[in-house]
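Numbering (the numbering used here), first residue to last: 2 to 409.
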């Protein structure tokens with residue numbers, strides 16, 4: 002175990018032997034996923050017909066495995082020899098953390114597979130065994146751990162330009178009969194390679210030489226093409242022509258940046274009321290009423306997703322003559338909101354200042370279920386759209402945004 006117990010590491014005898022002859026050199030890595038790429042569970046054969054069908058998703062024992070394709074072992078050996086590379090099995094195995102028997106099964110299954118590869122093949126395994134970890138793909142913790150380990154212990158530089166990651170979670174739609182007409186369950190392997198800045202291939206491409214298939218992967222770089230300026234919006238929100246007394250409802254998906262925006266741009270002109278802080282809508286209404294009574298405008302920093310919730314704020318404004326209700330609606334779709342949430346979780350795990358834990362996925366399902374688009378007929382004087390204009394503290398912050406996180 003390495004990385005504070007978050008990662009299981011196994012090494013074949015040939016691995017250090019090979020690297021000891023390459024000290025000071027640059028070595029490429031053939032990195033491969035495990036389940037669904039290198040191996041599957043054993044197929045189940047019908048006793049009557051003799052026809053085999055795929056085995057269960059999860060193995061029943063350490064010996065419950067078979068090569069994904071008969072050529073796997075031979076192909077890895079030939080590619081390693083041709084490239085002068087090592088093999089690294091990089092895998093998510095969060096189930097191993099559930100119990101000691103579960104851990105033993107995962108560890109022993111890796112061992113059996115590694116022992117079945119050619120004895121001269123330099124191969125190691127790094128498996129992330131905790132779900133909420135920087136070592137879980139598609140985050141690049143496993144890759145960074147591998148690169149640092151080879152540099153420190155073997156004086157080896159990983160040649161990323163000639164390295165590759167092979168995985169079955171590739172974002173392919175249901176178009177291939179070879180995969181029983183099923184879409185890939187995720188795009189995390191392709192995203193992992195993207196984040197690590199190495200080439201990617203599916204098992205069918207790498208082992209069988211098949212052509213690349215179409216895939217779907219949301220790349221956050223598309224959101225950086227927005228050249229909109231916030232200034233016209235800020236002029237509307239807090240400029241000289243803005244209302245002297247108002248309730249400003251922020252409206253957006255969870256994790257869209259509402260609190261960051263309110264703190265940066267509205268805290269001087271509005272009393273910020275946040276339900277995450279106050280814990281209930283009733284307390285938010287009470288805090289807002291206190292501010293309005295003192296002649297202060299308020300900003301409601303919640304999702305404000307449906308008409309019933311928003312109606313309570315319209316009703317409150319009516320108690321204060323001359324006050325208005327406006328909506329500031331963030332131009333952030335679900336994909337971007339969930340991406341920002343994943344990024345928030347990464348920053349929290351890294352212990353960065355002012356970072357917060359990622360929200361649970363149920364928050365997004367609930368929002369989608371009950372969302373109703375704001376309309377002027379609810380009693381609002383104006384609905385303002387806030388464009389997504391990202392700002393970054395430094396290049397590292399920008400690279401965190403450009404990384405592709407969980408897409409399952």
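For glycine and all other residues, C-beta sits at the position ideal for the given N, C-alpha and C.
A quick note: this is a predicted structure, and the numbers were derived from the prediction, not measured.
Residue i versus residue j - alpha carbon distance
i, j, result
"residue 78", "residue 15", "12 Å"
"residue 111", "residue 150", "20 Å"
"residue 369", "residue 252", "13 Å"
"residue 30", "residue 124", "10 Å"
"residue 196", "residue 222", "12 Å"
"residue 163", "residue 402", "25 Å"
"residue 141", "residue 351", "13 Å"
"residue 91", "residue 367", "34 Å"
"residue 82", "residue 116", "18 Å"
"residue 354", "residue 347", "12 Å"
"residue 391", "residue 18", "48 Å"
"residue 216", "residue 160", "27 Å"
"residue 42", "residue 114", "12 Å"
"residue 190", "residue 247", "48 Å"
"residue 171", "residue 388", "31 Å"
"residue 178", "residue 38", "Residue confidence is low: residue 178 scores 43 on pLDDT, short of 50, so the model does not pin down where it sits. No coordinate-derived value is stated."
"residue 359", "residue 404", "16 Å"
"residue 126", "residue 135", "17 Å"
"residue 349", "residue 400", "16 Å"
"residue 243", "residue 10", "60 Å"
"residue 341", "residue 225", "13 Å"
"residue 214", "residue 87", "27 Å"
"residue 233", "residue 384", "14 Å"
"residue 326", "residue 218", "39 Å"
"residue 318", "residue 381", "10 Å"
"residue 146", "residue 130", "14 Å"
Buried/exposed call for residue i, threshold 16 Cβ in 10 Å
i, result
"residue 339", "buried"
"residue 271", "buried"
"residue 371", "exposed"
"residue 278", "exposed"
"residue 238", "buried"
"residue 201", "buried"
"residue 205", "buried"
"residue 100", "exposed"
"residue 259", "buried"
"residue 72", "exposed"
"residue 6", "exposed"
"residue 323", "exposed"
"residue 320", "exposed"
"residue 283", "exposed"
"residue 306", "buried"
"residue 344", "buried"
"residue 228", "exposed"
"residue 173", "buried"
"residue 185", "buried"
Limits of the unbroken beta strand (DSSP E) element including residue i
i, result
"residue 166", "165 to 167"
"residue 93", "87 to 93"
"residue 247", "247 to 252"
"residue 70", "Premise fails: residue 70 is in no beta strand (DSSP E) and is neither H nor E."
"residue 326", "325 to 331"
"residue 126", "124 to 129"
"residue 300", "299 to 301"
"residue 272", "272 to 274"
"residue 145", "Element bounds for residue 145: not the beta strand (DSSP E) but the alpha helix (DSSP H), 142 to 155."
"residue 383", "383 to 387"
From the options, residue whose alpha carbon lies closest to that of residue i
i, options, result
"residue 45", "56, 37 and 39", "56"
"residue 93", "310, 193 and 399", "193"
"residue 96", "8, 204, 82 and 146", "8"
"residue 118", "233, 342 and 67", "67"
"residue 298", "310, 280 and 249", "249"
"residue 169", "188, 243 and 129", "188"
"residue 40", "69, 49, 61 and 245", "69"
"residue 58", "80, 35 and 76", "35"
"residue 105", "88, 129 and 62", "62"
"residue 255", "236, 241 and 275", "275"
Span of the alpha helix (DSSP H) around residue i
i, result
"residue 345", "335 to 350"
"residue 11", "Not the alpha helix (DSSP H): residue 11 falls in the beta strand (DSSP E), residues 8 to 12."
"residue 207", "204 to 209"
"residue 33", "Segment 30 to 33 is the beta strand (DSSP E) holding residue 33; no alpha helix (DSSP H) there."
"residue 19", "15 to 21"
"residue 290", "282 to 294"
"residue 121", "That residue, residue 121, is in no alpha helix (DSSP H); it is neither H nor E in DSSP."
"residue 264", "259 to 266"
"residue 367", "363 to 371"
"residue 237", "232 to 239"
"residue 62", "Segment: none, residue 62 is in no alpha helix (DSSP H) and carries neither H nor E."
Quick check: the segment 296 to 309 against the segment 259 to 268, are at least 3 beta-carbon pairs closer than 8 Å? yes
With three or more C-beta pairs closer than 8 Å as the rule, is the segment 150 to 163 touching the segment 10 to 29?
yes
Q) So, do the segment 279 to 292 and the segment 208 to 228 have three or more beta carbon pairs nearer to each other than 8 Å? A) no
Worksheet item: When the Cβ atoms of the segment 333 to 348 are set against those of the segment 268 to 285, are three or more pairs found closer than 8 Å?
Response: no
| task | Mind the definition here: the segment 374 to 382 touches the segment 355 to 366 only if three or more C-beta pairs lie below 8 Å; say whether that holds. | result | no
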